[in-house]
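Residue numbers (our numbering): 111 to 485. C-beta: ideal position from N, C-alpha, C; glycine also. From a predicted model like this one, the values you see are computed outputs, not experimental measurements. Working notes for the structure below.
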């Protein structure tokens, strides 16, 4: 088997890519088939607004929400100029994502922590390490990860391409050095040919592995939710409760201070008040103000990706709302915007109704037939 079996979803996605490319738009390219903090950044103004109560005329609220410049429907998946999408590259990345031979014990693949049926997370509070212990952080979902300007909870990877190689080499995750991985893959019949067909004339290299994995991950998206349809002009896309919840989100609940713009993340870092010892962004910057700060996660696919927070300490969306309502759990470096909200039970129900709208349906991929095996 040469590993050329391609899922229809991949082919469809790439066809949409090529169609977009032929249109002359060389910026963001649509790829078809296709967890929760509050804070403040230089670009994010503190916001407030009228909360729509049950029975209130929602038309003025709808007008206000549709004109809010911080509420932006999801656009095309960003594709870097140095890693254009091709069908062959996406196929290769699909194979690599599911191949346990990228690990030191031939038992762990990227999919080990990013299971499609679990929202491309693993359903655990924290990931299981290479040696079977509890890891330090929750496995972040891959859904819409292409929209971030940095990756990992602490933002230590500046691109998906860089991020893709991190877990492979991490002793706690896949525990495989790249110097050992290259000859290992070269020895598998069919793999080097697939790299060459994907445009990598030098065959199997670390850069090619990272680029192929990143290309594949750019297909894992949740898009065109009722929230997007609403912002694109469909005033009937959201129910009354969902509109009230969005109004809270953009107003008195303050969620929009961090969860704003495309993908509902400002790509910045905040200490949201988790009572944990995790250094967060401080481990990257050394800046005391970053102690315990984590990157704002996007909210698309949120109903599929629990448990929540960087430590996986919150099981449900209801508990996430309660966490913010009480103003966090008392970390000494909690951002000043994390304060008690004192939401009513009805307001909590409305906010939950809106968050569920963002769940959508993630693009689903299954394990392909791998080179050199009968799997």
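Coil, strand or helix - residue i by DSSP
i           : result
residue 274 : helix
residue 351 : helix
residue 322 : helix
residue 399 : helix
residue 330 : coil
residue 244 : strand
residue 261 : strand
residue 390 : strand
residue 150 : Interpretation of residue 150 is limited by its pLDDT of 37, a score under 50 that renders its predicted location unreliable; no figure is taken from the coordinates.
residue 382 : coil
residue 297 : coil
residue 225 : strand
residue 231 : strand
residue 457 : helix
residue 211 : helix
residue 267 : strand
residue 238 : strand
residue 253 : coil
residue 158 : Low local confidence applies: a pLDDT of 39 at residue 158 is under 50, so the model's placement there is unreliable, and no value is given.
residue 314 : coil
residue 404 : strand
residue 204 : helix
residue 367 : helix
residue 376 : coil
residue 341 : helix
residue 139 : Here the model assigns residue 139 a pLDDT of 34, short of 50, so the residue's position is not dependable and the matter cannot be decided.
residue 336 : helix
residue 289 : helix
residue 170 : helix
residue 467 : helix
residue 475 : coil
residue 131 : Its pLDDT being 36, under 50, residue 131 is placed unreliably in this model, and the coordinates cannot settle the point.
residue 480 : coil
residue 195 : coil
residue 114 : Caution applies to residue 114, whose pLDDT of 39 falls short of 50 and renders its modelled position unreliable; the model cannot decide the point.
residue 307 : helix
Check whether residue i and residue j have beta carbons under 8 Å apart
i           : j           : result
residue 445 : residue 409 : no
residue 426 : residue 438 : no
residue 76  : residue 224 : The first residue shown for the chain is 111 and the last is 485, placing residue 76 beyond what the model contains.
residue 338 : residue 183 : yes
residue 261 : residue 273 : yes
residue 249 : residue 237 : yes
residue 363 : residue 461 : yes
residue 267 : residue 328 : no
residue 295 : residue 314 : yes
residue 275 : residue 246 : no
residue 488 : residue 305 : The structure shown does not extend to residue 488, since the chain is modelled only from 111 through 485, so no value can be given for it.
residue 371 : residue 411 : no
residue 341 : residue 181 : yes
residue 309 : residue 199 : yes
residue 482 : residue 214 : no
residue 353 : residue 189 : no
residue 357 : residue 235 : no
residue 373 : residue 254 : yes
Chain-order list of residues whose beta-carbon lies under 6 Å from that of residue i (same chain, five-residue window excluded)
i           : result
residue 392 : 400 and 401
residue 336 : 347, 348 and 467
residue 259 : 377
residue 453 : 435
residue 151 : Note that residue 151 scores a pLDDT of 38, beneath 50, so its modelled location is shaky; the value from the coordinates is reported in the next line. Only 376 and 378 meet the Cβ criterion.
residue 355 : 460, 461, 463 and 464
residue 179 : none
residue 103 : Nothing can be reported for residue 103: it is not among the residues displayed for the chain, which extend from 111 to 485.
7 Å CB neighbourhood of residue i in its chain, flanking five on each side removed
i           : result
residue 350 : 168
residue 424 : 417, 418, 430 and 433
residue 474 : 226
residue 192 : none
residue 212 : 206, 219, 278, 284, 286 and 291
residue 210 : 216, 217, 218 and 219
Cut-off 8 Å between Cβ atoms - residues of its own chain near residue i, not counting five sequence neighbours on either side
i           : result
residue 405 : 258, 260, 262, 263, 264, 265, 375, 377, 378, 379 and 391
residue 450 : 435, 436 and 437
residue 138 : Only weak support is given to the placement of residue 138: the predicted model assigns it a pLDDT of 37, under 50, and the question is left unresolved by the model.
residue 343 : 176
residue 173 : none
Distance cut-off 7 Å: residue i Cβ against heavy atoms of the ligand GDP
i           : result
residue 414 : The ligand GDP is not part of the structure shown, which contains no ligands of any sort.
*Given 8 Å as the limit, is there contact between the segment 374-389 and the segment 440-459, that is, 3 or more CB pairs closer than that?*
yes
*Return the chain-ordered ranges of every alpha helix (DSSP H) run that is complete within the segment 412-445 and spans a minimum of 4 residues.*
427-435
*asked:* With three or more beta-carbon pairs closer than 8 Å as the criterion, would you say the segment 318-330 touches the segment 200-218?
replied: yes
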